[in-house]
Amino acid sequence: MMQPDVFAQTRYAPHEGQRQFHASGGRFKVLIAGARFGKSLAAAKDVLADLVAAPTRGWVVAPTYAMARPEFEAILNDLRARLHVPLQAVTDGGRSGPSHLVTPWGAEVWCLSALRPQGLLGQSVDWLVMAEAAHIDGEVFERYLRARLSSTTGRMVVPTTPRGLNWVHDLYNRATEGDPEWHSFRFATWDNPLVPAAEIESARRVLPAETFDEQYGGAFTTVHGLVYREFSRTRHVAPITAPQGAVVYRAIDAGYTNATCCLWACRDADDRLLVLREHYLCLATADLHAAAIHAIDAELEAQGLVIGPAWIDPSGVTLGAELAKHNIRTSQARNDLHPGIECVRMLLAGDGEPRLVIDPRCVNLLREIEGYRWQDSSRHGERVPVKQDDHALDALRYLAFTLYRNVVWQKVAPV
Ligand SMILES: Nc1ncnc2c1ncn2[C@@H]1O[C@H](COP(=O)(O)OP(=O)(O)O)[C@@H](O)[C@H]1O
Ligand SMILES: [Mg+2]
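The numbers in this note's numbering rise by one with no breaks, and the one at position 33 of the sequence shown is 792.
(1) Should residue 788 be counted as a contact of ligand 2 given a C-beta to heavy atom distance under 8 Å?
(2) Can you look up residue 926 in the DSSP assignment and give me helix, strand or coil?
(3) Residue 1069 and residue 1055 look like a contact to me (Cβ under 8 Å); what is the Cβ gap, rounded to whole Å?
(4) What's the C-alpha gap between residue 829 and residue 1099?
(5) Would you give the residue range spanned by the beta strand (DSSP E) that residue 1141 belongs to?
(6) Within the continuous beta strand (DSSP E) that includes residue 701, where are the two ends?
(7) May I have all residues whose beta carbon comes closer than 7 Å to any heavy atom of ligand 1, sorted in chain order?
(8) Following the continuous beta strand (DSSP E) through residue 1039, name the residue where it begins and the one where it ends.
(9) Could you check where the beta strand (DSSP E) with residue 748 kicks off and where it finishes?
(10) Assign residue 744 to one of two classes, buried (16 or more other C-beta atoms within 10 Å of its C-beta) or exposed (fewer than that).
(11) Do you know offhand how far residue 922's Cα is from residue 1081's?
(12) Assuming residue 1158 contacts residue 1001 under a Cβ cut-off of 8 Å, what Cβ separation, rounded to an integer in Å, is found between them?
(13) Spell out the partners DSSP gives residue 1112 in its beta bridges.
(14) Let me make sure I understand the geometry here. Which of 969, 930, 1114, 1041 has the alpha-carbon closest to that of residue 996?
(15) Taking the alpha carbon of residue 994 as the point to measure from, which residue in 1118, 817, 835, 1123 has its own alpha carbon closest?
(16) Using 10 angstroms around the beta-carbon of residue 1016, count the other beta-carbons present and answer buried if the total reaches 16, otherwise exposed.
(17) Taking one C-beta from the region 902–913 and one from the region 877–887 each time, how about it: are there three or more such pairs within less than 8 Å?
(18) Rounded to the nearest angstrom, what separates residue 1227 and residue 1075 at their Cα positions?
(19) In chain order, what residues of the same chain lie with their CB nearer than 7 Å to the CB of residue 1122, ignoring the 5 residues before and after it?
(20) Relative to ligand 2, is the shortest distance from any of its heavy atoms to the C-beta of residue 891 smaller than 8 Å?
(21) Which value, in whole angstroms, describes the spacing of the CA atoms of residue 1060 and residue 1007?
(22) Locate the alpha helix (DSSP H) running through residue 1153, then write down its first and last residues.
(23) Does the distance from the CB of residue 1041 to the CB of residue 1013 come in under 9 Å?
(24) Would you say residue 1092 faces chain B, with C-beta separation under 9 Å as the test?
(25) Keeping to the same chain, check which residues put their C-beta closer than 6 Å to that of residue 790; ignore five residues upstream and five downstream.
(26) Just to confirm, is the Cβ distance from residue 1144 to residue 986 under 9 Å?
(27) Do you know how far the Cα of residue 1010 is from the Cα of residue 802?
(28) Based on DSSP bridge pairs, tell me the residues matched to residue 1090.
(29) How about residue 885 and residue 809: do their beta carbons lie closer than 9 Å?
(30) Kindly give me the distance between the Cβ atoms of residue 825 and residue 854, rounded to whole angstroms, as I take these residues to be in contact under 8 Å.
(31) With H, G and I counted as helix, E and B as strand and the rest as coil, what does DSSP make of residue 784?
(32) What are the uninterrupted segments assigned as beta strand (DSSP E) that are 3 or more residues long and contained completely in the region 979–1017, given in chain order?
(33) Rounded to the nearest angstrom, how far is the Cβ of residue 819 from that of residue 849, given a contact under 8 Å?
(34) Which one or two residues does DSSP pair with residue 889 in a beta bridge?
(35) Mind checking whether residue 1066 and residue 1079 have CB atoms under 9 Å apart?
(36) I'd like to check one pair, residue 851 with residue 835: are the Cβ atoms closer than 9 Å?
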């Protein structure tokens, strides 16, 4: 049975975020989301099609048996009550022991606890759901679980809330770093339309901001907090078709050991800032950067856009002079840190609708925006972001500040 049939027969109507997750054919799918997004349900439904189609062996592993129950119960319930499968064997250890089931065609599901990793040896598996992995020891995955998937070229689904910047954050980043077997998704609780807004608002009122961002926002936070809290992939990322004739602005942050980044952006009829493309490269000569910039300029011109002014960071004069030799003229960007950050946040928050949209091709910008954090200590009572992985973000700040510093819609919440 194909995925759509299984969904129909088990009366499952995935919401938009779940739909995106199911649509991915990645071998390893990391689903990071806030509480009650529907991670467990989506993971169970995702593997159900494998289970129904063939005599596959699958494991649901979680930090404890109890935490593996939602996925196991969803599968068990669908097989019994919705698909009317006469199961050959069921042991149900409930919340305190291992459970398993076997179908007449020989498919097996095992419900296991990562607290007893010895129980995770031996068998190879066709699929693995590693539920709430952020609370599993990364060692257990490396030593006991990963090898289970290799002989069968099995697949894995990782439905979990985030927990700081631990090893699950590294799993999440494998996809953004371009490993084609890995696909990552990140959603907030409010991306599930079935969760009442009032419930989310009451959590927001009682929880510390960072905890709320993690548990409901599905964000990788630390106690230091995210600079761009307002950012979400659902709201701010979409493939962009720029309006015909629009002027394209470029902003460059120069680096050598650190990346040099150039962003291309334009404004649409609603005065939103649309970030179209990025160039992001370390350890490269000015000639290489110039060639890459020319190539993207030409591509955008061929789409009917007009290449407008470019800005470069004040410490990038050398690169600026080199680029000028290649006919790429830049002027100095205003590098006011906090006002620039406020400008970007204002665009992210927008006026109900976000005023900043980023094309999914800007993978480095997206990675940086999700990782940008405040430092522990403050300077003159003002918080300062951690100065790393901020090259695309600096370029974004130059664009936002140059184009929008005189625009005021609403004050964003103080940081
Ligand atoms: N697409 C959906 N249709 C109907 N109910 C859903 C859907 N997605 C999630 N739910 C329900 O929402 C609740 C939370 O889902 P769950 O998968 O447990 O969330 P999570 O694992 O993200 O905390 C459950 O009662 C689940 O059945
Ligand atoms: Mg769950």
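Here a beta-carbon is modelled for each residue, glycine too, at the ideal position from N, C-alpha and C.
Result, derived from the coordinates:
(1) no
(2) helix
(3) Residue 1069 to residue 1055, Cβ: 12 Å. No contact.
(4) 44 Å
(5) 1141–1144
(6) Absent from the model: residue 701. The displayed extent of the chain is 760 to 1174, so no value can be given.
(7) 771, 772, 773, 774, 777, 792, 794, 795, 796, 797, 798, 799, 800, 801, 829, 918, 951, 953
(8) 1032–1040
(9) Residue 748 cannot be examined here, being either before or after the span of the chain that is shown, 760 to 1174.
(10) The first residue shown for the chain is 760 and the last is 1174, placing residue 744 beyond what the model contains.
(11) 44 Å
(12) The Cβ separation is near 14 Å, so there is no contact.
(13) 1110
(14) 1114
(15) 1118
(16) exposed
(17) yes
(18) Summary: the structure shown does not reach residue 1227, with the chain confined to residues 760 through 1174, and so no result is reported for it.
(19) 935
(20) yes
(21) 9 Å
(22) 1150–1163
(23) no
(24) In the displayed structure, chain B is absent; only one protein chain is listed.
(25) 780, 798, 918, 944
(26) yes
(27) 41 Å
(28) 1070
(29) yes
(30) 4 Å
(31) coil
(32) 1006–1012
(33) That pair is no contact at about 14 Å.
(34) 820
(35) no
(36) yes
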